[in-house]
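Enquirer: Just passing along the structure, written as structure tokens.
Numbering (full-length UniProt numbering), first residue to last: 1 to 255.
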């Protein structure tokens with residue numbers, strides 16, 4: 001976004017009047033007041049225009065701020081740092097989401113089942129459980145998804161794309177988050193710590209599961225006997241006690 005030109009250094013009252021006029025550009029769609037530059041950007045968001053172009057990947061954005069945030073994907077710049085564990089982020093919103101891992105804050109609340117979430121995107125994804133809405137469709141296998149990002153990740157199963165590369169062991173991954181988590185195997189880094197007992201973890205999902213040992217929360221329920229579990233991974237093993245399934249086979253004795 002271009003910086004607003006400073007008013008000429010004439011009489012103070014004139015400068016004040018000019019500044020007031022610049023900050024009083026209303027949006028004709030929603031009535032919000034903006035500076036002239038911000039008003040233009042805001043109207044682009046409402047109209048769907050994407051006039052800010054990334055020269056690296058040709059993606060377009062409705063505002064210059066969105067473009068600048070996007071460019072950090074290419075540069076690797078992460079200017080926003082967590083004061084608790086020093087993890088860094090390319091976007092301020094991602095930092096805000098991350099901090100809630102430490103604080104335990106969950107401001108997004110489902111009115112249907114009373115479940116709460118620390119991130120807006122997780123909340124949006126959860127709501128689709130109740131509505132059943134899955135508007136994003138895979139053209140290859142026909143599978144549907146509730147989020148566009150989930151569809152993009154899923155498509156890599158078909159393409160075999162693994163563009164995220166570990167510089168230490170050469171292993172490749174289809175998601176950047178999986179690479180970040182993997183690298184902690186090499187570094188031994190455990191940035192996520194429990195605020196109750198101070199135990200540390202390398203990935204946030206392990207921390208979430210651990211916190212349930214303190215809270216007693218068991219959100220994963222068996223549809224057959226209603227037994228509940230604190231971690232999702234324990235549920236499939238339990239279900240096999242009902243189905244009789246034994247998928248693990250010994251090559252030596254055939255048991």
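Glycine included, each C-beta is placed from N, C-alpha and C at the ideal position.
In this text, all values refer to a predicted model and were calculated from it rather than measured experimentally.
Quick check: the Cα distance between residue 91 and residue 121, rounded to an integer number of angstroms?
Expert: Position 91 of the chain shown, counting from 1, holds the residue named residue 91. Position 121 of the chain shown, counting from 1, holds the residue named residue 121. Distance between the alpha carbons of residue 91 and residue 121: 15 angstroms.
Enquirer: For the candidate residues 140, 135 and 155, whose alpha-carbon lies nearest to that of residue 147?
Expert: Locating residue 147 in the chain shown gives position 147, where the first residue counts as 1. Residue 147 has its Cα closest to that of 135, out of 140, 135 and 155.
Enquirer: Where does residue 125 fall in DSSP's three states?
Expert: As a first step, residue 125 is located in the chain shown; it is residue number 125 there, counting from the start. In this structure, residue 125 counts as helix in the three-state DSSP scheme.
Enquirer: From the DSSP output, in three-state form, read off residue 209 for me.
Expert: Position 209 of the chain shown, counted from the start, is the residue given in the question as residue 209. DSSP places residue 209 in helix when its eight states are reduced to three.
Enquirer: Is DSSP giving residue 96 helix, strand or coil here?
Expert: Counting from one through the chain shown, the residue named residue 96 turns up at place 96. Looking at residue 96 - three-state DSSP - the assignment turns out to be helix.
Enquirer: Do residue 50 and residue 62 have their CB atoms nearer than 7 angstroms?
Expert: Position 50 of the chain shown, counting from 1, holds the residue named residue 50. Position 62 of the chain shown, counting from 1, holds the residue named residue 62. Taking 7 angstroms as the Cβ cut-off, residue 50 and residue 62 qualify as a contacting pair.
Enquirer: Could you pull the start and end residues of the alpha helix (DSSP H) that residue 236 belongs to?
Expert: Reading the chain shown from its first residue, position 236 is the one you call residue 236. Element bounds for residue 236: 234-243.
Enquirer: Count the other CB atoms within 10 Å of the CB of residue 245; is the residue buried (16 or more) or exposed (fewer)?
Expert: Indexing the chain shown from 1 puts residue 245 at position 245. Under this definition residue 245 is an exposed residue.
Enquirer: For the candidate residues 204, 128, 167 and 183, whose alpha-carbon lies nearest to that of residue 194?
Expert: The residue labelled residue 194 in the question sits at position 194 within the chain shown. Answer by Cα proximity: 204.
Enquirer: Could you check what DSSP says for residue 187 in three-state terms: helix, strand or coil?
Expert: Mapped onto the chain shown, residue 187 falls at position 187. Residue 187 falls in the helix class under three-state DSSP.
Enquirer: Give me the Cα-Cα distance between residue 39 and residue 53, rounded to the nearest whole angstrom.
Expert: Residue 39 sits at position 39 when you count from the first residue of the chain shown. Residue 53 sits at position 53 when you count from the first residue of the chain shown. With a pLDDT of 49 at residue 39, under the threshold of 50, the modelled position of that residue is not reliable, and no figure is offered here.
Enquirer: Looking at residue 109: is its Cβ nearer than 7 angstroms to the Cβ of residue 116?
Expert: If you number the chain shown from 1, residue 109 lands on position 109. If you number the chain shown from 1, residue 116 lands on position 116. Against a cut-off of 7 angstroms, the Cβ pair of residue 116 and residue 109 comes out as a contact.
Enquirer: For residue 52, write down the residues that DSSP places opposite it in a beta bridge.
Expert: Locating residue 52 in the chain shown gives position 52, where the first residue counts as 1. Beta-bridge pairing links residue 52 to 61.
Enquirer: For residue 172, which three-state DSSP category applies?
Expert: In the chain shown, residue 172 corresponds to position 172, counting from 1. Reduced to three states, the DSSP call for residue 172 is strand.
Enquirer: Per DSSP, what kind of secondary structure is residue 228 in: helix, strand or coil?
Expert: Within the chain shown, residue 228 is the residue found at index 228, counting from 1. Looking at residue 228 - three-state DSSP - the assignment turns out to be strand.
Enquirer: Starting from residue 136, follow its DSSP beta bridges and name the residues at the other end.
Expert: Counting from 1 along the chain shown, the entry for residue 136 is found at position 136. DSSP lists 145 as partners of residue 136.
Enquirer: Let me make sure I understand the geometry here. Which of 241, 206, 249 and 114 has the alpha-carbon closest to that of residue 231?
Expert: The count along the chain shown starts at 1 and reaches residue 231 at position 231. Comparing Cα-Cα distances from residue 231 to each of 241, 206, 249 and 114, the minimum goes to 206.
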